[in-house]
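Engineer: As they're listed, the protein sequences go chains G and D. For the first sequence, the numbering used here begins at 727 and goes up steadily by one. For the second sequence, the numbering used here begins at 150 and goes up steadily by one. Ideal Cβ positions, reconstructed from N, Cα and C, are used throughout, including at glycine.
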Amino acid sequence: MSRLLLVDDDPKLREGIHAGVVARGYECDTAEDVAEADARLDTATAYDLVLLDITLPDGSGWDVLERLRARGDETPVIFLTARHAPDDRVRGLRLGADDYVIKPFEFEELVARIEAVLRRHRPPLVYVIGDVRLDLTARRAWRGDLEVELSKREFDLVAALIEAGGEVLSRSALLERVWDMRVDPGTNVVDVVVSRVRKKLDVSGTHSIRTVVGEGYCVRAERVRA
Amino acid sequence: MTDQGWTLRRRTAVQFTAVVTVYLLVVGVGMSLAYRMILASELDEEVTEQLDELRPSFAAGAGGPDEFERLVAPTGREGAETPMAWKAHVLATGEAWGPYGSPRLTKHFSTPGPGLGETVRVEGVLRRRRAAFAPGIEVDVVLDGTDWIERGRIADALIAGIVVLGSLLSLVAGRVFGRRIASLVKRVAAEVEAARGPAAETAVEIPGAPDEIRAVAESVTESLRGAKHEVERARMLAAGLAHDLRAPVQALLTSTEVALMERSGDERTRSMLESHLDELRVLGRTIDNLVAFGAPSVHGTEETFVRFDLARELEPRLRSEEDEAARRGVFVDVLRSGDLELVGDPTLLVLAARNLVGNAIAWSPAGGQVQIGLRGDAESVVVTVEDEGPGVPEGQRERIFEPFVRGDAAPGRRAGYGLGLAIVAAAAERHGGSVGVGDAEEGGAAFELRVPRARS
Numbered sequence: 727m728s729r730l731l732l733v734d735d736d737p738k739l740r741e742g743i744h745a746g747v748v749a750r751g752y753e754c755d756t757a758e759d760v761a762e763a764d765a766r767l768d769t770a771t772a773y774d775l776v777l778l779d780i781t782l783p784d785g786s787g788w789d790v791l792e793r794l795r796a797r798g799d800e801t802p803v804i805f806l807t808a809r810h811a812p813d814d815r816v817r818g819l820r821l822g823a824d825d826y827v828i829k830p831f832e833f834e835e836l837v838a839r840i841e842a843v844l845r846r847h848r849p850p851l852v853y854v855i856g857d858v859r860l861d862l863t864a865r866r867a868w869r870g871d872l873e874v875e876l877s878k879r880e881f882d883l884v885a886a887l888i889e890a891g892g893e894v895l896s897r898s899a900l901l902e903r904v905w906d907m908r909v910d911p912g913t914n915v916v917d918v919v920v921s922r923v924r925k926k927l928d929v930s931g932t933h934s935i936r937t938v939v940g941e942g943y944c945v946r947a948e949r950v951r952a
Numbered sequence: 150m151t152d153q154g155w156t157l158r159r160r161t162a163v164q165f166t167a168v169v170t171v172y173l174l175v176v177g178v179g180m181s182l183a184y185r186m187i188l189a190s191e192l193d194e195e196v197t198e199q200l201d202e203l204r205p206s207f208a209a210g211a212g213g214p215d216e217f218e219r220l221v222a223p224t225g226r227e228g229a230e231t232p233m234a235w236k237a238h239v240l241a242t243g244e245a246w247g248p249y250g251s252p253r254l255t256k257h258f259s260t261p262g263p264g265l266g267e268t269v270r271v272e273g274v275l276r277r278r279r280a281a282f283a284p285g286i287e288v289d290v291v292l293d294g295t296d297w298i299e300r301g302r303i304a305d306a307l308i309a310g311i312v313v314l315g316s317l318l319s320l321v322a323g324r325v326f327g328r329r330i331a332s333l334v335k336r337v338a339a340e341v342e343a344a345r346g347p348a349a350e351t352a353v354e355i356p357g358a359p360d361e362i363r364a365v366a367e368s369v370t371e372s373l374r375g376a377k378h379e380v381e382r383a384r385m386l387a388a389g390l391a392h393d394l395r396a397p398v399q400a401l402l403t404s405t406e407v408a409l410m411e412r413s414g415d416e417r418t419r420s421m422l423e424s425h426l427d428e429l430r431v432l433g434r435t436i437d438n439l440v441a442f443g444a445p446s447v448h449g450t451e452e453t454f455v456r457f458d459l460a461r462e463l464e465p466r467l468r469s470e471e472d473e474a475a476r477r478g479v480f481v482d483v484l485r486s487g488d489l490e491l492v493g494d495p496t497l498l499v500l501a502a503r504n505l506v507g508n509a510i511a512w513s514p515a516g517g518q519v520q521i522g523l524r525g526d527a528e529s530v531v532v533t534v535e536d537e538g539p540g541v542p543e544g545q546r547e548r549i550f551e552p553f554v555r556g557d558a559a560p561g562r563r564a565g566y567g568l569g570l571a572i573v574a575a576a577a578e579r580h581g582g583s584v585g586v587g588d589a590e591e592g593g594a595a596f597e598l599r600v601p602r603a604r605s
């Protein structure tokens, strides 16, 4: 369960984002100005990520970020800026922010950025199937020493099967987990993507994805230290 | 300008030549008439002079008819410049000497002559005078000025020659003149054309042009500046409105998304919310496009270029497109390869890519696949978007990138506002790249947006 700190002075936006991220399963504290943000960050509560507005009533988000980094606190920070200026982008990243979102943004974009930043800060999650190695955190795959370029959905599919821990997933379960589709439009896209993954990963005889006739697919992977 | 039409150059040349020729003709005829008048009055003088020349010789000699005949005989010979006929009247005796001279002239003595000391003109070229010659002797003279007047003809020919030569010269001068005017006007047109460009300073400068041409250029510039200002105002207004609309639409989008996330409510409410979300997203993208279209960054007057990774910027922002695809049963996949870092305007490029993806999803049948390719090669980063929709007919493949050209509506959707693909084209142009559409392998449309890694 990741814990977020949201610093923004706009109560409507704060409320909306708070409700959204909580619905997505995050814990979320909020702060409305620099003083409250500093106070929350100074306590023993460890945050996994800070969403930081730049323009605050009693100061600037830059200062909060600077003090945080000066203390040696490497908590990832995504700053929210209403300004379009490329200077903000550069300044924020130089001060050690991990990403930025330009207001107004779509909520889904914010969630995607939160997930991406959290993933980058998580330790690598590496699985091995035969001579194939997959890092679910960095979303990269290798066959031997050679990196394999998997498309977004190809990787999502393998990752979903790995995360199922060797259990069989039906086509409709895969449709929902990989493509977020609750209704099968009646195509064989799942089979097509499975065969594309096999073509890329099973070059030297590895059986990455196994077919369970009449049920679906499964992967037997072994977690290893990175 | 073609050589076939009634061009400014030709018109100027012809008019110039015609005016010069008419002028030369009038002057020529006038000069000819004046010269003839001068010749005629000189001829009047000539009679008197001839008389004055002979009078002293006669007075010095013996006098009498023989002496008179001897003196006047040379003047009467045919072939003289002005042949003369003479007749003398001795007043005391009423005796007459002569007539001497050619019968052609002497025949005139049969008519009554002018009074003493008078000269009359006879048949135009003849002069008849009666004058005192010696004491008690008066003479009657007829002088033939035919050859004299002939000199007038030579002058006429000369003048005619000058007129012809002059109008030929004016033809040449007219052509040169016409070409100069035409080239000035062409320069005005070229300058005005150049000043129409969005980046150029709106000031038409034509060094060395005459005041009138400069005045024309200035007034054209003035109205151009006015029109440009109006267009700029309209664009700013549209962008400003769009900007103001963005915040409320944003709030609606977020609250609808959050409401759907809570997974509460019955199926009917959910599907209504989902359709709201769909509409709001279309509205949101249209607003984004309007803002981008009005933003100075599209038109290249603001420095917004930074170094960034296209996949890192684009992928989080494709979430709502992917959501929409999931609801419509369209399979979206992204394959990236190579180095995707480039120097450019991230907002503009992400919007361009989202427009391509949004279009592809809208045109896809349920169960169709949309393949997004992000590929980095040595010089460029290439975004390809392929779908399994109906594709773009050959004849429309350039037109669809023009602003406000509305394509057909995708199935079950309203036609767009003609801005989406125009933004893609503007983004390509702004980055010195290119965009095009062809056929995908599966028969749908295949768009390719190519952006150089760094502006050259």
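Just checking: is the beta-carbon of T913 of chain G within a distance shorter than 8 Å of some beta-carbon in chain D?
Structural biologist: At least one chain D Cβ lies under 8 Å of T913 of chain G.
Engineer: Verify the CB distance criterion: does G818 of chain G have a CB-CB separation below 8 Å to chain D?
Structural biologist: For G818 of chain G, the answer is no, since every Cβ of chain D falls outside 8 Å of its Cβ.
Engineer: Would you check if the distance between the CB atom of V440 of chain D and the CB atom of H392 of chain D is smaller than 8 Å?
Structural biologist: In contact: V440 of chain D and H392 of chain D (Cβ atoms closer than 8 Å).
Engineer: List in chain order: all unbroken beta strand (DSSP E) runs of 3+ residues lying wholly within the segment 744-788 of chain G.
Structural biologist: Counting only runs of 3 or more, we get 753-757, 775-779.
Engineer: Taking one C-beta from the segment 532-546 of chain D and one from the segment 398-412 of chain D each time, how about it: are there three or more such pairs within less than 8 Å?
Structural biologist: Not touching, per the Cβ criterion.
Engineer: Would you mind working out which of G:G940, G:T932, G:V939, G:A952 sits nearest R946 of chain G, comparing C-alpha positions?
Structural biologist: Of G:G940, G:T932, G:V939, G:A952, the residue nearest in Cα terms is G:T932.
Engineer: With a threshold of 16 other CB atoms inside 10 Å of the CB of D580 of chain D, please say whether the residue is buried or exposed.
Structural biologist: Strictly speaking, residue 580 of chain D in this sequence is His, with Asp absent from that position. Label assigned to H580 of chain D: buried.
Engineer: Can L409 of chain D and L422 of chain D be called in contact, C-beta distance under 8 Å?
Structural biologist: The answer is yes: Cβ separation under 8 Å.
Engineer: Check whether chain D comes within 8 Å of F833 of chain G, counting only Cβ atoms and requiring the distance to be less than that.
Structural biologist: Output row for F833 of chain G: interface = yes.
Engineer: Would you check if the distance between the CB atom of P261 of chain D and the CB atom of V269 of chain D is smaller than 8 Å?
Structural biologist: Contact: no.
Engineer: Which of the residues in the segment 458-482 of chain D, read from start to end, lie with their CB under 9 Å from any CB of chain G?
Structural biologist: Against chain G - using a Cβ distance shorter than 9 Å - the residues of the segment 458-482 of chain D are R461, E464, P465, R466, L467, R468, S469, E471, D472, A474, A475, R476, R477, G478, V479, F480, V481, D482.
Engineer: How many angstroms separate the CA atom of E473 of chain D from the CA atom of A387 of chain D?
Structural biologist: Approximately 27 Å between the Cα atoms of the pair.
Engineer: Grab me the residues of V702 of chain G's own chain with a C-beta within less than 7 Å of its C-beta, minus the 5 sequence neighbours each way, in chain order.
Structural biologist: One cannot answer for residue 702 of chain G here, as it falls past the ends of chain G, which runs 727 to 952.
Engineer: Please determine, among D:P465, D:R279, D:G210, D:A364, the residue with the shortest C-alpha to C-alpha distance to K236 of chain D.
Structural biologist: The candidate whose alpha carbon is nearest that of K236 of chain D is D:R279.
Engineer: Find out if the Cβ-Cβ distance for the pair R158 of chain D, A339 of chain D is shorter than 8 Å.
Structural biologist: Not a contact, by the Cβ cut-off of 8 Å.
Engineer: Counting pairs of Cβ atoms below 8 Å between the segment 473-489 of chain D and the segment 511-525 of chain D, do you hit three or more?
Structural biologist: Segments in contact, yes.
Engineer: L842 of chain G versus chain D: which residues are under 7 Å apart at the beta carbon?
Structural biologist: It is Ala, not Leu, that sits at residue 842 of chain G in the sequence shown. By Cβ distance, chain D contributes P465.
Engineer: Anything in chain G within Cβ reach of S404 of chain D, meaning under 7 Å, just list it in chain order.
Structural biologist: The answer, in chain order, is G742.
Engineer: Measure from the C-beta of M150 of chain D to each C-beta in chain G and report whether the shortest distance is under 8 Å.
Structural biologist: For M150 of chain D, the pLDDT reaches just 42, beneath the cut-off of 50, and the residue's location in the model is therefore unreliable, leaving the point undetermined.
Engineer: Suppose only complete runs of 4+ residues qualify. What are the alpha helix (DSSP H) ranges in the segment 371-456 of chain D, listed by chain order?
Structural biologist: List check, alpha helix (DSSP H) in window: 416-443.
Engineer: Cβ closer than 7 Å: which chain D residues qualify as neighbours of R879 of chain G?
Structural biologist: Result: D482.
Engineer: Please state whether the Cβ-Cβ distance between R865 of chain G and E873 of chain G is less than 8 Å.
Structural biologist: No. Outside cutoff.
Engineer: Do the CB positions of V915 of chain G and F480 of chain D come within less than 8 Å of each other?
Structural biologist: Yes, Cβ-Cβ distance for V915 of chain G and F480 of chain D is below 8 Å.
Engineer: Look at the alpha carbon of A283 of chain D and the alpha carbon of I298 of chain D, and state the distance between them as a whole number of angstroms.
Structural biologist: Roughly 30 Å between the two C-alpha positions.
Engineer: What are the boundary residues of the beta strand (DSSP E) that includes M233 of chain D?
Structural biologist: Note, M233 of chain D: beta strand (DSSP E), 233-239.
Engineer: Counting only beta-carbon atoms, is D897 of chain G nearer than 8 Å to chain D?
Structural biologist: Here residue 897 of chain G turns out to be Arg, not Asp, going by the sequence shown. Not closer than 8 Å to any Cβ of chain D, the Cβ of R897 of chain G fails to qualify, so no.
Engineer: Helix or strand or just coil, what does DSSP make of A348 of chain D?
Structural biologist: Annotation note: pLDDT 47 at A348 of chain D (below 50); position unreliable, no value reported.
Engineer: Checking the sheet assignment: what are the DSSP bridge partners for R949 of chain G?
Structural biologist: Answer by DSSP bridge pairing, in chain order: G:Y853.
Engineer: Provide the residue span of the alpha helix (DSSP H) that contains V923 of chain G, from first to last.
Structural biologist: Taken as a continuous stretch (DSSP letters only), the alpha helix (DSSP H) holding V923 of chain G covers 915-927.
Engineer: Tell me, please, whether the segment 919-932 of chain G touches the segment 849-866 of chain G by the rule of three or more beta-carbon pairs shorter than 8 Å.
Structural biologist: Because the criterion of three Cβ pairs below 8 Å is met, the segment 919-932 of chain G and the segment 849-866 of chain G touch.
Engineer: Find the nearest neighbour of P552 of chain D within the set D:Q518, D:R374, D:E361, D:F442, judged by alpha-carbon distance.
Structural biologist: Checking every option, the nearest Cα to that of P552 of chain D belongs to D:F442.
Engineer: Okay, do the segment 283-292 of chain D and the segment 215-233 of chain D touch, 3+ Cβ pairs below 8 Å being the bar?
Structural biologist: Touching, yes, given that three or more Cβ pairs across the two stretches are closer than 8 Å.
Engineer: Note the first and the last residue of the continuous alpha helix (DSSP H) segment covering R468 of chain D.
Structural biologist: Segment 468-477, the alpha helix (DSSP H) holding R468 of chain D.
Engineer: Can you list, in chain order, the residues of its chain with a C-beta nearer than 6 Å to that of V894 of chain G? Leave out the 5 residues immediately preceding and following it.
Structural biologist: Contacts found: V938, E941, G942, C944.
Engineer: Who are the near neighbours of R160 of chain D in its chain, counting only those whose CB is closer than 8 Å to its CB and skipping five residues on each side?
Structural biologist: So the qualifying residues of the chain are G327.
Engineer: Under the rule that 16 or more other beta-carbon atoms within 10 Å means buried, what is L901 of chain G, buried or exposed?
Structural biologist: By the neighbour-count rule (16 or more Cβ atoms within 10 Å), L901 of chain G is buried.
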